[in-house]
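Chemist: Letter by letter, the sequence shown follows residues 25 to 315 in our numbering.
Glycine included, each C-beta is placed from N, C-alpha and C at the ideal position.
These numbers come from a predicted model, not from an experiment.
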Amino acid sequence: MGAEMNPALVRQIWHLLEPVHASLYYAPEAHAEAAALGFDVNTRWPSYFAWRSAPLGAAGPELVAATYFSFSPAMIGQHVPSIWDTATPGDVLAARQRAVDATLRARLGDLIGSPELAEAAALARRAAEAAVTAGRPLAAANADLPCPDEPHLALWHAATVLREHRGDGHVAALLAAGLDPVEALVSFAAVGAAPVEVFASRGWTAEEWSAARERLAERGWIGPDGLATPLGREGRDAVEARTDELATGPWQALGQAATGRLAQLVMPAMLGVVRSGILPAQSTLGIKPRA
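(1) Pick out the complete alpha helix (DSSP H) segments inside the region 113 to 188, 4 residues or longer, and give them in chain order.
(2) Between the Cα of GLU53 and those of PRO248, ALA126, PHE73, spot the shortest distance and give me the residue it belongs to.
(3) In the DSSP assignment, the alpha helix (DSSP H) including SER71 goes from what residue to what residue?
(4) Leaving aside the five residues before and after MET294 along the sequence, list all residues of the same chain whose C-beta is less than 7 Å from its C-beta, in chain order.
(5) Given the structure, does GLY133 come close to the ligand NAP, in the sense that its CB is under 7 Å from one of the ligand's heavy atoms?
(6) Quick check on the burial criterion: 16 or more other C-beta atoms within 10 angstroms. Buried or exposed for ALA262?
(7) What are the partner residues of ILE246, as DSSP defines its beta bridges?
(8) Over what stretch of residues does the alpha helix (DSSP H) that includes ARG285 continue unbroken?
(9) On a CA-only basis, which of ALA224, ASP204, GLN36, TYR72 is nearest ARG107? Give me that one, please.
(10) Below 8 Å on the Cβ atoms is my guess for TRP75 versus LEU48; work out the distance and round it to an integer in Å.
(11) Have a look at TRP38 and ALA182 and give me their C-alpha separation to the nearest angstrom.
(12) When the cut-off is 8 Å and only beta carbons count, does ARG190 lie next to chain B?
Pasting the structure below:
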């Protein structure tokens with residue numbers, strides 16, 4: 025066992041890899057692949073649910089809602105399982121890889137084919153292969169897929185496994201804190217992490233949001249002004265700290281020096297995606313913890 029992993033480095037490497045992973049959900053190249061499959065791309069949700077759920081197979085709404093956690097089951101039911109009538113999971117996964125290839129080639133420029141990107145991909149892959157996926161269904165589903173040979177695709181694949189590994193652990197931390205899906209979002213908004221309007225896309229009704237706020241007020245987490253109390257902030261801080269702890273395993277296995285090296289190597293790729301402007305301003309780019 026090596027030296028204890030620095031929690032700040034665990035958070036930092038997630039911040040750096042998240043934009044690389046998230047580029048799939050916003051890039052015009054991905055929208056073009058989704059349209060070619062027959063998905064409506066006037067809204068991003070049909071392709072989002074297809075891209076992210078395809079590793080699970082032809083999953084139904086109950087499974088997708090359980091693994092995503094913070095999306096309204098009613099909203100998910102508008103798209104799942106009908107997305108599989110448009111394209112099979114196998115077709116979606118093939119298109120996903122083409123979309124990632126085109127997206128990263130367009131954003132990373134001269135980094136494609138560079139020794140630095142190859143080294144970053146190799147380090148990220150080592151971390152992803154060290155991730156224990158027991159109890160982490162989205163991480164496991166992606167880890168079951170073959171890792172591509174091309175470095176930029178291998179980097180995206182590893183970033184996705186690690187992202188879902190962290191996300192699955194975050195769900196566990198929320199459950200351990202006694203937060204249901206809508207309470208997770210309400211408490212997140214209450215600490216000022218993002219405006220309430222950002223979470224409208226998750227599909228919860230005003231009545232569901234209000235009821236969750238009342239439950240959190242009864243627990244002493246939210247005050248009359250709708251903002252988090254000291255107890256609520258302490259609770260959310262504990263959730264995020266536990267999320268970092270649960271995400272540490274792959275990086276502990278990789279080692280602090282190699283993780284730091286990966287952080288250096290992946291910075292240009294992250295900046296290439298962010299500076300391209302494809303990601304919305306409110307998307308998670310390592311500025312805020314996840315809801």
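Modeler: This is what the structure holds:
(1) 113 to 132, 139 to 154, 161 to 167
(2) ALA126
(3) 69 to 77
(4) LEU40, PRO43, VAL44
(5) With respect to small molecules bound, the structure shown includes none, and the ligand NAP cannot be examined in it.
(6) exposed
(7) ALA252
(8) 280 to 299
(9) Inspection of the sequence shows that residue 107 is occupied by Ile rather than by Arg. Minimum Cα distance to ILE107 is reached at TYR72.
(10) 6 Å
(11) 12 Å
(12) Included in the structure is just one protein chain, with no chain B present.
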